[in-house]
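K.L.:
Right, I'll just put the structure down here and ask away after.
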Amino acid sequence: FGQVIVRRPAPVATWQPSLASNIWNDAQLVFTRGGPAEAGWKTLSQIPDAWRLRLDGFTLEMRPAAQGQIGVFPEQLPNWRRIQDAIARRGRNELKVLNCFGYTGASTLAAAAASEHMEVTHLDASACAVSWASRNAELSGLSSRPIHWLTEDALTYLRREARRGKIYDGLIFDPPAFGRGAKGKTWQLERDLPELLLLAGKLLSRENGFCLLSAHAPGYTPDKLAALLAGTIGQNGPTTQIEAGELCINALSGGHNLPAGAYAWMDDFKK
Numbered sequence: 016f017g018q019v020i021v022r023r024p025a026p027v028a029t030w031q032p033s034l035a036s037n038i039w040n041d042a043q044l045v046f047t048r049g050g051p052a053e054a055g056w057k058t059l060s061q062i063p064d065a066w067r068l069r070l071d072g073f074t075l076e077m078r079p080a081a082q083g084q085i086g087v088f089p090e091q092l093p094n095w096r097r098i099q100d101a102i103a104r105r106g107r108n109e110l111k112v113l114n115c116f117g118y119t120g121a122s123t124l125a126a127a128a129a130s131e132h133m134e135v136t137h138l139d140a141s142a143c144a145v146s147w148a149s150r151n152a153e154l155s156g157l158s159s160r161p162i163h164w165l166t167e168d169a170l171t172y173l174r175r176e177a178r179r180g181k182i183y184d185g186l187i188f189d190p191p192a193f194g195r196g197a198k199g200k201t202w203q204l205e206r207d208l209p210e211l212l213l214l215a216g217k218l219l220s221r222e223n224g225f226c227l228l229s230a231h232a233p234g235y236t237p238d239k240l241a242a243l244l245a246g247t248i249g250q251n252g253p254t255t256q257i258e259a260g261e262l263c264i265n266a267l268s269g270g271h272n273l274p275a276g277a278y279a280w281m282d283d284f285k286k
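Positions in the sequence shown are counted from 1; adding 15 to them yields our numbering.
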């Protein structure tokens, strides 16, 4: 990631490593899973105090965080480019985009960087994640753009927006399998995703709207995400086609691509 080599376990990678062991041993940051005594991060050599990654017009600050996270999910790179392309094709129109489960803000910043004529709402149940995302906007030179930073439960917010009759031109969802929010609220993908998408169908513009849905939980295949999108949001407008596929981290040096979830993409743009 940028100038720092990170080594983390990937349970789905059951094959033998293709890189030589000395390359793995050059990692500066190593995350270990296991019991309380072993689990966590180890710094094997110095990393920069300001460790940043520049991507497609925005900047992300990297940090070793809980459960092996560092502030970016690289498998989402093609989706950030889909978002930017969707906005660019709409020209200079003023657009409103909602990014739920926004984490450290890569999708939010991809949208904000794509056009000055953007209003982006970034929502996450974690105050820490929202603060991190706001910091990334500053580093990207995008803090003056109309980005609304919200720490709130996703379903609570969408229910309220639906009652208000709010409409968005773009919706971005990357929900976790499980999450905890404020006031003891929890998110469970299997239980809560259907309602979230039904609410999203009420919020998405019927003219030229786009929606991205991704998931990383086992069982949520591209076909399943496409079916969920078609059966909820897709029923509320003249959807032409839904694109779906695997998310993965692409390998170099003859290795195997690393599966990292699935996505479904709907874009009703018409010239």
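C-beta atoms are modelled at their ideal positions from N, C-alpha and C, and glycine is treated no differently. Only a predicted model underlies this, so the values are computations on that prediction, with no experimental measurement involved.
Excluding sequence positions up to five away, which residues of its chain have a Cβ less than 6 angstroms from the Cβ of Leu186?
P.N.:
Leu113, Ala215, Leu219, Cys226
K.L.:
Taking the beta carbon of Cys115 as the centre, do at least 16 other beta carbons fall within 10 Å, making it buried, or is it exposed?
P.N.:
buried
K.L.:
Could you tell me whether any non-hydrogen atom of the ligand GDP is closer than 7 angstroms to the CB of Leu219?
P.N.:
Of ligands this structure carries none, so the ligand GDP is not represented either.
K.L.:
Report the three-state DSSP secondary structure of Ile182 (helix, strand or coil).
P.N.:
coil
K.L.:
Just how far apart, CA to CA, sit Pro191 and Gln91?
P.N.:
For Pro191 and Gln91, the gap between their C-alpha atoms comes out near 14 angstroms.
K.L.:
Am I right that Trp56 and Pro26 are in contact with their C-beta atoms under 8 angstroms? What's the rounded C-beta distance?
P.N.:
Actually they do not touch by this definition, with Cβ atoms about 18 angstroms apart.
K.L.:
Between Ala242, Phe193, Gly269, Leu75, which has its C-alpha nearest Asn151's C-alpha?
P.N.:
If you compare the alpha carbons of Ala242, Phe193, Gly269, Leu75 with that of Asn151, the shortest gap goes to Leu75.
K.L.:
Output the distance between the C-alpha atoms of Leu70 and Ala241, rounded to the nearest integer angstrom.
P.N.:
28 angstroms
K.L.:
According to the neighbour-count rule (16 or more other Cβ atoms, all chains shown, within 10 Å of its Cβ), is Arg178 buried or exposed?
P.N.:
exposed
K.L.:
Looking at the secondary structure, which residues open and close the alpha helix (DSSP H) in which Ile257 lies?
P.N.:
No alpha helix (DSSP H) holds Ile257; the beta strand (DSSP E) holding it covers 257-264.
K.L.:
Is Ala277 near Ala245, with beta carbons less than 8 angstroms apart?
P.N.:
no
K.L.:
Between which two residues does the alpha helix (DSSP H) harbouring Pro209 extend?
P.N.:
204-218
K.L.:
For Asp282, count neighbouring C-beta atoms within 10 Å of its own C-beta (all shown protein chains included) and say buried if the count is 16 or more, exposed if not.
P.N.:
buried
K.L.:
Let me know if Ala144 comes out buried or exposed under the rule of 16 or more other beta-carbons within 10 Å of its beta-carbon.
P.N.:
buried
K.L.:
What separation, rounded to the nearest whole angstrom, lies between the Cα atoms of Asp184 and Asn223?
P.N.:
7 angstroms
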